[in-house]
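Visitor: Under our numbering, think of the first position of the sequence shown as 8, with each following residue one higher.
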Amino acid sequence: MFGAPRSLKVVRGSTGPRRAVRWPFLLAVVMLAVAALVATAPPGSGATVYSARDAALRREVGRLMTDPSVTASTAHVGVVVADASTRTPVYVRYANTPLAPASTQKTFTAAAAMYTLGSGYRWRTDVYAPSAPNGGVVSRLYLKGSGDPTLLERDLTSLASSLRAKGVTRVTGDVVGDASAFDEVRYNPYWSTSYASGYYAAQVSALTLAPDTDYDAGTVIVTATPGTSTASAPRLTVTPASAASHVRLVNRSRTSATGSATTISVARTAGTNTLTVTGQVPLEHSAAKKWVTVDDPALMTARALRARLVAAGIRVDGTAVRGRTPVGQALLARHASMTLGQLLVPFLKLSNNGHAEAITKTLGARSGRPGSWADGTKALRDYAARIGIPIAGLRFVDGSGLARADRLTPNQLASLLDKVQRTSWWPAFRAALPVAGADPVRWTGGTLASRMRGTAAAGNLRAKNGSLTGVTSLAGYVTGADGRRYVFVMMSNYSATSPRPVEDRLGVLLARWRMTNR
8 MFGAPRSLKV VRGSTGPRRA VRWPFLLAVV MLAVAALVAT APPGSGATVY
58 SARDAALRRE VGRLMTDPSV TASTAHVGVV VADASTRTPV YVRYANTPLA
108 PASTQKTFTA AAAMYTLGSG YRWRTDVYAP SAPNGGVVSR LYLKGSGDPT
158 LLERDLTSLA SSLRAKGVTR VTGDVVGDAS AFDEVRYNPY WSTSYASGYY
208 AAQVSALTLA PDTDYDAGTV IVTATPGTST ASAPRLTVTP ASAASHVRLV
258 NRSRTSATGS ATTISVARTA GTNTLTVTGQ VPLEHSAAKK WVTVDDPALM
308 TARALRARLV AAGIRVDGTA VRGRTPVGQA LLARHASMTL GQLLVPFLKL
358 SNNGHAEAIT KTLGARSGRP GSWADGTKAL RDYAARIGIP IAGLRFVDGS
408 GLARADRLTP NQLASLLDKV QRTSWWPAFR AALPVAGADP VRWTGGTLAS
458 RMRGTAAAGN LRAKNGSLTG VTSLAGYVTG ADGRRYVFVM MSNYSATSPR
508 PVEDRLGVLL ARWRMTNR
């Protein structure tokens, strides 16, 4: 992609017709070529043809890359900087080396979804019964999900209200949660088991519930409110309240003295919904909130709907169970999610792993089989190939980049960022990227709100960052002081000092740069 500008070709040989060429003319051509181009070939990047006008900027970027965190023998750092309009490469370093991308991979997932599903795509959550209500009675209700990662308790309240408005007053049987749109592999086998309680590694289900408007689906929020004295334990509550019956709280926390530190933590016992709360919350302190995953989100969602039905005045004789919706059921109520284009904002701004995985399995479901990571990641690879990105070295095993087995090259990521600029949905994609040093923190700056503040990059640089232990990356767009826009990618896999500060210095350098030879 960025091995050579579109207007320039590296000619290694010719089998075409030969013409007599006058030596003075040939010499002039060679001299002009040398003056206009500088070629370097960093290991792993292939031959790269540069424009002479970028020589000064290229030197400055090169100086940044002499930082010990970049040059360390245990560091693997790949970089691409290119003109966003002409695709002319400015600086290339190990651009074809496959590296763990962390969350910068989400740009691929977002782009593949916008390309394949469309900006207006919505997930549906439907309520079925064997038949229309007879005298207000139905024998069973089926809550069928399609992968919506944004379903909230209030949406279940609306579904219950719709059923009440249609005359349903009693359910003589069970409320059945149907998550069959996705497969039963809810936890990615490439993720560390140590992640299992973390909100960033929630189980992925076609029927799931979020406790907040960050849409952290498959989790609950445990709130610890300090007791009235140090002799009393904190009071624990669960959000959403209608899902409280799905978990069992074990309170091993304590109320500590005023002014002491808050150290509340929550862990889920593997394979269960037993949540153990430890640590302390001080007297006269605001409540401490912790997000934790649940086991079997579909069953939790069915239980939550049952609770909302009862709250709406509908009698439910049965319990909440898991199951499949039989063919031929009557559709009684439907909830449609926000559009995919709208979801990009919390997805990319807040780097929501659950959104990435729901999207990936939704793409996988287009195969005609239940959505799976195998089919979903194949859809991501197929998308890359379809839009002309070479896929050698590319490996996806999830949609979020949480897995350490994922691999991308800087060139592949830069190529994606280049190509999405030329799509109809580019404005939505660009608007959803975090913005360096920008406020408000969550919905503008996102994960970059605290970085590059007070610099030329603040409010300018839009990019997706990625971070795992031993992995840091930043990929996006920034506009120079003269209005020239750059695509840039920096990916680092390391075991000593993090090169992340160099990412910021690169962003600021590009934002401040003014061409003197245009």
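Quick reminder that beta carbons are idealized off the backbone N, C-alpha and C, glycines included.
Spell out a yes or no on whether the stretch 149-168 and the stretch 400-420 are touching, meaning 3 or more CB-CB pairs, one atom from each, closer than 8 Å.
Guide: Judged by pairs of C-beta atoms under 8 Å, the stretch 149-168 does not touch the stretch 400-420, as fewer than three such pairs exist.
Visitor: Starting from the C-beta of residue 210, find all residues in its chain whose C-beta is less than 6 Å away, skip the five residues before and the five after it, and write them out in chain order.
Guide: 193, 194, 225, 304
Visitor: So that I know if they touch, is there some Cβ in chain B lying closer than 9 Å to that of residue 324?
Guide: Of the protein chains in the structure, only one exists, and it is not chain B.
Visitor: Distance check for residue 506 and residue 474, CA to CA, integer angstroms please.
Guide: Roughly 11 Å between the two C-alpha positions.
Visitor: State buried or exposed for residue 469, treating a residue as buried only when at least 16 other CB atoms are found within 10 Å of its CB.
Guide: buried
Visitor: What is the C-beta distance between residue 501 and residue 336, in whole angstroms, given that I count them as a contact (C-beta under 8 Å)?
Guide: Contact doesn't hold; Cβ gap of about 54 Å is too wide.
Visitor: DSSP has residue 297 in a bridge; who is on the other side?
Guide: 229
Visitor: For residue 312 versus residue 175, is the C-beta spacing smaller than 9 Å?
Guide: no
Visitor: Please state whether the Cβ-Cβ distance between residue 309 and residue 183 is less than 9 Å.
Guide: yes
Visitor: Residue 334: buried (16+ other C-beta within 10 angstroms of its C-beta) or exposed?
Guide: Exposed is the label assigned to residue 334, since fewer than 16 other Cβ atoms lie within 10 Å of its Cβ.
Visitor: For my contact list, residue 424 and residue 482 are in at a C-beta cut-off of 8 Å; report their separation, rounded to the angstrom.
Guide: 6 Å
Visitor: Which value, in whole angstroms, describes the spacing of the CA atoms of residue 119 and residue 510?
Guide: 26 Å
Visitor: In chain order, what residues of the same chain lie with their CB nearer than 8 Å to the CB of residue 488, ignoring the 5 residues before and after it?
Guide: 463, 518, 519, 520, 521
Visitor: Which stretch, first to last residue, makes up the alpha helix (DSSP H) that contains residue 77?
Guide: 75-78
Visitor: For the beta strand (DSSP E) that contains residue 58, what are its first and last residues?
Guide: 55-58
Visitor: Which of the three DSSP states is assigned to residue 360 in this structure?
Guide: helix
Visitor: Can you grab the Cα-Cα spacing for the pair residue 62 / residue 399, in whole Å?
Guide: 30 Å
Visitor: Measure from the alpha carbon of residue 84 to the alpha carbon of each residue in 106, 345, 451, 198, then state which is nearest.
Guide: 106
Visitor: What is the C-beta distance between residue 385 and residue 453, in whole angstroms, given that I count them as a contact (C-beta under 8 Å)?
Guide: The beta-carbon separation of residue 385 and residue 453, rounded to 29 Å, does not stay under the 8 Å limit for a contact.
Visitor: Give the straight-line distance between the Cα atoms of residue 421 and residue 69, rounded to the nearest whole angstrom.
Guide: 18 Å
Visitor: Mind the definition here: the stretch 236-252 touches the stretch 283-294 only if three or more C-beta pairs lie below 8 Å; say whether that holds.
Guide: yes
Visitor: Taking the alpha-carbon positions, what's the residue 101 to residue 515 distance?
Guide: Each residue's Cα considered, the two are about 22 Å apart.
Visitor: With a cut-off of 8 Å on the beta carbons, I'd call residue 203 and residue 300 a contact; round off their distance for me.
Guide: With 8 Å as the limit, residue 203 and residue 300 qualify as a contact, their Cβ atoms being about 7 Å apart.
Visitor: Pick helix, strand or coil for residue 185, following the three-state DSSP scheme.
Guide: Three-state DSSP puts residue 185 in a strand.
Visitor: Report yes or no: do three or more beta-carbon pairs, one from the stretch 207-223 and one from the stretch 356-371, lie closer than 8 Å?
Guide: With the cut-off at 8 Å, the stretch 207-223 and the stretch 356-371 touch.
Visitor: Taking residue 135 as the reference, which of 124, 181, 154, 122 has the closest Cα?
Guide: 181
Visitor: Could you name the residues of the same chain whose beta carbon sits closer than 6 Å to that of residue 178, not counting the 5 residues immediately before and after it, in chain order?
Guide: 145, 148, 323
Visitor: Does DSSP classify residue 145 as helix, strand or coil?
Guide: strand
Visitor: So, at 8 Å on beta carbons, what are the nonlocal neighbours of residue 435 in its own chain, with the 5 sequence-adjacent residues on each side left out?
Guide: 121, 126, 348, 351
Visitor: Measure the alpha-carbon distance for residue 342 versus residue 169 and round it to whole angstroms.
Guide: 10 Å
Visitor: According to the neighbour-count rule (16 or more other Cβ atoms, all chains shown, within 10 Å of its Cβ), is residue 444 buried or exposed?
Guide: buried
Visitor: Please classify residue 124: does DSSP put it in a helix, a strand, or coil?
Guide: Residue 124: coil per DSSP, three-state reduction.
Visitor: Rounded C-beta distance between residue 212 and residue 186? I'm assuming under 8 Å.
Guide: 5 Å
Visitor: Please report how far the alpha carbon of residue 141 lies from the alpha carbon of residue 315, in whole angstroms.
Guide: 21 Å
Visitor: Output the distance between the C-alpha atoms of residue 56 and residue 133, rounded to the nearest integer angstrom.
Guide: Cα to Cα, residue 56 sits roughly 55 Å from residue 133.
Visitor: Mind reading off the beta-carbon distance from residue 417 to residue 498? Whole number of angstroms is fine, and I expect it under 8 Å.
Guide: 5 Å
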